[in-house]
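*Asks:*
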Amino acid sequence: MTDIHGSTHDLVIGGGATGVIMAAQILRQSNRRVTLVGRDAVFGHGIAYATKDPDHLLNTRVANMSAYPDRPTDFQDWLAANGLPSDPEGFVSRAVYGCYMQDLLRPWRDDPRLTVLQGEVVRLRPDTAGVTATLEDGRTVQADRALLATGHALAAEEAGMDNAWRFEGQQATEGRVVIIGSGLSMVDQTLSLLNSGHRGPIVSVSRRGLLPLPHADDPPCSQAVDPPVGVPVSRLLHWARQQARAAEAAGGTWRDTVDSVRPHAQALWQGMSPDQRRRFLRHAASWWGIHRHRIPQGSWARIRKAMASGQLAIQRGSFRRAEPGAAHLRHPDGSESRLEAARIIDCRGILRDPATHGSPLVRDLLEQGHARMDPLRIGLDVTTDGALIGRDGRPEPRLRAVGPVARAALWEITAIPDIREQAAELAR
Ligand SMILES: Cc1cc2nc3c(=O)[nH]c(=O)nc-3n(C[C@H](O)[C@H](O)[C@H](O)COP(=O)(O)OP(=O)(O)OC[C@H]3O[C@@H](n4cnc5c(N)ncnc54)[C@H](O)[C@@H]3O)c2cc1C
Numbered sequence: 002m003t004d005i006h007g008s009t010h011d012l013v014i015g016g017g018a019t020g021v022i023m024a025a026q027i028l029r030q031s032n033r034r035v036t037l038v039g040r041d042a043v044f045g046h047g048i049a050y051a052t053k054d055p056d057h058l059l060n061t062r063v064a065n066m067s068a069y070p071d072r073p074t075d076f077q078d079w080l081a082a083n084g085l086p087s088d089p090e091g092f093v094s095r096a097v098y099g100c101y102m103q104d105l106l107r108p109w110r111d112d113p114r115l116t117v118l119q120g121e122v123v124r125l126r127p128d129t130a131g132v133t134a135t136l137e138d139g140r141t142v143q144a145d146r147a148l149l150a151t152g153h154a155l156a157a158e159e160a161g162m163d164n165a166w167r168f169e170g171q172q173a174t175e176g177r178v179v180i181i182g183s184g185l186s187m188v189d190q191t192l193s194l195l196n197s198g199h200r201g202p203i204v205s206v207s208r209r210g211l212l213p214l215p216h217a218d219d220p221p222c223s224q225a226v227d228p229p230v231g232v233p234v235s236r237l238l239h240w241a242r243q244q245a246r247a248a249e250a251a252g253g254t255w256r257d258t259v260d261s262v263r264p265h266a267q268a269l270w271q272g273m274s275p276d277q278r279r280r281f282l283r284h285a286a287s288w289w290g291i292h293r294h295r296i297p298q299g300s301w302a303r304i305r306k307a308m309a310s311g312q313l314a315i316q317r318g319s320f321r322r323a324e325p326g327a328a329h330l331r332h333p334d335g336s337e338s339r340l341e342a343a344r345i346i347d348c349r350g351i352l353r354d355p356a357t358h359g360s361p362l363v364r365d366l367l368e369q370g371h372a373r374m375d376p377l378r379i380g381l382d383v384t385t386d387g388a389l390i391g392r393d394g395r396p397e398p399r400l401r402a403v404g405p406v407a408r409a410a411l412w413e414i415t416a417i418p419d420i421r422e423q424a425a426e427l428a429r
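Here the sequence shown is numbered in the numbering used here, starting from 2 and rising by one per residue.
Set out below in structure tokens:
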């Protein structure tokens with residue numbers, strides 16, 4: 002058993018993008034020690050940046066992907082320093098971004114303040130001295146606070162399906178491929194299939210059948226706006242449509258409005274009552290998602306071409322279950338069908354309920370009462386500055402959620418531009 006003791010010492014749990022950004026911010030902004038613990042052999046990748054497929058592009062322009070809010074050209078500079086195309090308006094692959102994330106802690110490689118451990122934290126206990134974490138192999142780490150950067154709750158592997166984030170490589174087939182979901186991961190998987198020479202049909206099934214919309218050639222022109230906070234969702238949507246029409250009348254596009262509203266997204270979410278949040282999730286979240294998470298023009302053109310040729314079909318419906326060689330679907334009219342499939346790819350993305358799908362650590366925190374679910378069960382209940390709220394309703398300032406783990410309080414906290422702000426703030 003290895004014991005690592007420290008007093009002014011932060012423990013960052015999770016070796017994905019959020020974990021390395023958080024660790025880097027603490028090291029940059031303070032003289033605290035940091036122990037970063039991650040399950041995977043490579044740090045910085047997590048689920049988003051582990052892909053090696055060059056067709057899996059960032060959906061955010063280079064100019065917006067710096068790890069540091071106060072150094073907006075950091076990613077661009079890294080690309081240039083590594084001899085890679087560094088057009089600030091361009092879209093590079095997520096594999097390249099993964100290399101940037103992997104490099105982020107390089108300046109502190111020989112700094113005795115940084116300890117990096119590979120392993121899984123399975124237990125975390127706040128105590129009078131701070132926090133004690135226990136890894137799966139019995140090692141313990143003591144620190145004076147812990148930052149949970151453990152990412153998204155993921156679906157368990159389902160028999161008969163490939164999970165879009167857990168497999169690499171496409172086997173071209175003549176048969177039909179059924180993709181469950183029609184969001185960004187569906188776009189990734191379809192592009193990979195097309196590139197691999199797949200000639201069979203591709204059917205994407207999702208409840209609403211909505212596709213992500215494309216970026217324009219030029220970056221949007223965001224403006225200062227003052228969205229109404231705390232109003233019914235229908236009124237907020239009405240306001241947004243009016244803004245979009247005004248942007249279009251002024252020669253811009255709806256993207257100008259979406260990007261102008263984005264800095265207000267956390268305040269809008271926090272201004273909603275639980276009932277308004279529920280309504281937003283039911284009626285507006287998918288609409289917001291397809292406008293907000295846009296795909297590069299090149300990806301959009303290839304998806305449209307596959308749709309126009311009939312190779313890719315988008316069907317409305319919900320996935321019931323998979324069996325070898327077929328997917329069972331329910332259609333909007335209530336009927337059910339069995340769709341034969343040479344392969345089924347699960348692109349349902351992020352699951353919302355960490356109590357059901359969370360890691361052993363998250364489940365343990367819930368069981369021990371150090372955390373509780375938020376009322377809508379979309380994540381752990383945390384304060385706006387990330388402190389976990391325990392079963393007794395009291396915030397625990399020694400346990401902080403960073404990145405997607407803080408989603409129930411902040412909603413827009415999955416993309417790098419939001420994560421880097423929160424990490425910088427927490428480090429301060
Ligand atoms: C497919 C995809 C594409 C995206 N594209 C973009 C984009 O173009 N632009 C953008 O801004 N954002 C994008 N995002 C969003 C964003 O960058 C991710 O949400 C972000 O990477 C979140 O990283 P994370 O480290 O919080 O979580 P994760 O990537 O889920 O990583 C969490 C890590 O923590 C580890 N871990 C979990 N529990 C423990 C534990 N108990 N002990 C030790 N380790 C643990 C896991 O093994 C994992 O490595 C994308 C997201 C996805 C999924």
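Backbone N, C-alpha and C fix where the C-beta goes; we use that ideal spot for every residue, glycine too.
Along the chain, where does the alpha helix (DSSP H) that runs through L237 open and close?
*Replies:* V234 to A250
*Asks:* Check each candidate in K53, W109, I304 and I48 and name the one with the smallest Cα separation from Q26.
*Replies:* W109
*Asks:* State whether the segment 110-123 contacts the segment 31-39, with contact taken as three or more CB pairs (one from each stretch) at a distance under 8 Å.
*Replies:* yes
*Asks:* Under the three-state reduction of DSSP, which class applies to N196: helix, strand or coil?
*Replies:* N196 falls in the helix class under three-state DSSP.
*Asks:* Just to check my reading of the structure: I346 and L185 have Cβ atoms closer than 8 Å, yes? What is that Cβ distance to the nearest angstrom?
*Replies:* Actually they do not touch by this definition, with Cβ atoms about 13 Å apart.
*Asks:* Please list, in chain order, all residues of the same chain as V97 whose beta carbon is under 8 Å from its beta carbon, the five residues on each side excluded.
*Replies:* Excluding sequence positions up to five before and after V97, its CB lies within less than 8 Å of the CB of L80 and L85, all in the same chain and listed in chain order.
*Asks:* Quick check: does the Cβ of S360 come within less than 8 Å of any heavy atom belonging to ligand 1?
*Replies:* yes
*Asks:* Hey, quick one: how far does the alpha helix (DSSP H) through H216 stretch, first residue to last?
*Replies:* That residue, H216, is in no alpha helix (DSSP H); it is neither H nor E in DSSP.
*Asks:* Could you give the residue range of the alpha helix (DSSP H) that holds T174?
*Replies:* Unbroken run through T174: none, as it is neither H nor E.
*Asks:* Considering only heavy atoms of ligand 1, does any lie closer than 8 Å to the CB of D41?
*Replies:* yes
*Asks:* To the nearest whole angstrom, what separates the beta carbons of A343 and R177, a pair I think is in contact under 8 Å?
*Replies:* Between the beta-carbon of A343 and that of R177 there is about 6 Å, and that keeps the pair under the 8 Å contact cut.
*Asks:* Please confirm whether R321 and E337 have their CB atoms less than 9 Å apart.
*Replies:* yes
*Asks:* How about A81: is its Cβ closer than 8 Å to a heavy atom in ligand 1?
*Replies:* no
*Asks:* Rounded to the nearest angstrom, what separates V132 and L37 at their Cα positions?
*Replies:* 14 Å
*Asks:* With P275 as the anchor, note down where its alpha helix (DSSP H) starts and where it stops.
*Replies:* P275 to R280
*Asks:* Using only the alpha-carbon positions, how far apart do R124 and D163 sit?
*Replies:* 30 Å
*Asks:* Helix, strand or coil for D4, going by three-state DSSP, please let me know.
*Replies:* The predicted model places D4 with a pLDDT of 39, which falls under 50 and marks its position as unreliable; any figure quoted below should be read in that light. Reduced to three states, the DSSP call for D4 is strand.
*Asks:* So A150 packs on G15, CB below 8 Å; how close in whole Å?
*Replies:* 4 Å
*Asks:* Cβ atoms of L118 and G39: under 9 Å apart, would you say?
*Replies:* Going by C-beta atoms, G39 is nearer than 9 Å to L118.
*Asks:* If the criterion is Cβ atoms closer than 9 Å, does the pair D189 and D41 meet it?
*Replies:* Contact check for D189 against D41 fails: the beta carbons are separated by 9 Å or more.
*Asks:* So what does DSSP say about G131, is it helix, strand or coil?
*Replies:* Strand at G131.
*Asks:* If you run the structure through DSSP and keep just helix, strand and coil, what is R256?
*Replies:* helix
*Asks:* Taking the alpha carbon of A268 as the reference point, which residue from V232, W255, A245 and H294 has its own alpha carbon closest?
*Replies:* V232
*Asks:* If we call anything under 9 Å between Cβ atoms a contact, is G404 one with E397?
*Replies:* No, the pair does not count as a contact, with Cβ atoms beyond the cut-off.
*Asks:* So does M66 have its beta carbon nearer than 8 Å to some heavy atom of ligand 1?
*Replies:* yes
*Asks:* May I ask you to check if the CB of S186 is nearer than 8 Å to at least one heavy atom of ligand 1?
*Replies:* yes
*Asks:* Short of 8 Å in beta carbon distance, which residues of its chain neighbour D88, apart from the five on each side in sequence? Order them along the chain.
*Replies:* V63
*Asks:* Over the uninterrupted beta strand (DSSP E) stretch that includes P396, give me the two end residues.
*Replies:* P396 to A402
*Asks:* Going by DSSP in three states, H46 sits in which element: helix, strand or coil?
*Replies:* coil
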